[in-house]
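Chemist: The structure follows.
In our numbering, the protein residues as written are 7 to 155.
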């Protein structure tokens, strides 16, 4: 029994050693289109990194947002890893929301969530997308703005 466990451990160790170091790819987004004063979920998805020595923090300004949840570490092909960290939040005007990622001994990198505000009146959007207005008529204006751009 111990011999089998040792062989399995050696296989995993050799596969892990043969994988090269990969820097993480980071995506920061919200569950729903962002609106000031409306509850939402801030999500930071980190993927494609190796080894799995990583720290992720979700920040409001310079302070860590409490009660964030991190998924279990999972691996992809080539022994690269991915995970997600998320937290409930309500975007406030003037505040910045950031995902800070530190991989191995490298300095932390920050990735800011952006709330795109639609500055165009609703009638302009309908005019601008008249041929497809039936398709996007019921979407949030911020989504319409991104769709047009």
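No residue lacks a Cβ here, since even glycine has one placed at the ideal position from N, Cα and C.
1. Exposed or buried, which one is residue 32 when buried takes at least 16 other CB atoms within 10 Å?
2. Looking at residue 157: is its Cβ nearer than 8 Å to the Cβ of residue 102?
3. Relative to the alpha-carbon of residue 96, which residue among 26, 34, 29 and 38 has its alpha-carbon at the smallest distance?
4. By alpha-carbon positions, which one of 50, 98, 93 and 88 ends up nearest to residue 106?
5. Could you name the residues of the same chain whose beta carbon sits closer than 6 Å to that of residue 74, not counting the 5 residues immediately before and after it, in chain order?
6. Which of helix, strand or coil does DSSP assign to residue 67?
7. For residue 100, which three-state DSSP category applies?
8. Can you tell me which residues form a DSSP beta bridge with residue 118?
9. Under 8 Å between the Cβ atoms of residue 54 and residue 109?
10. Classify residue 77: buried if its beta carbon has 16 or more other beta carbons within 10 angstroms, exposed otherwise.
11. Quick check: does the Cβ of residue 26 come within less than 7 Å of any heavy atom belonging to the ligand ADP?
12. Quickly, what does DSSP pair residue 36 with across the bridge? List them, please.
13. Where do the ends of the beta strand (DSSP E) carrying residue 94 lie?
14. With C-beta atoms as the reference, is residue 47 less than 8 Å away from residue 30?
15. To the nearest angstrom, report how far apart residue 36 and residue 58 are at their CA atoms.
16. Going by the DSSP bridge assignment, what does residue 31 pair with across the sheet?
Modeler: On the basis of the coordinates in this document:
1. buried
2. Nothing in the structure corresponds to residue 157, since the chain is present only between 7 and 155.
3. 38
4. 50
5. 64, 91 and 93
6. coil
7. coil
8. 104
9. no
10. exposed
11. No copy of the ligand ADP appears in this structure; indeed no ligand is present at all.
12. 48
13. 87 to 95
14. no
15. 25 Å
16. 53
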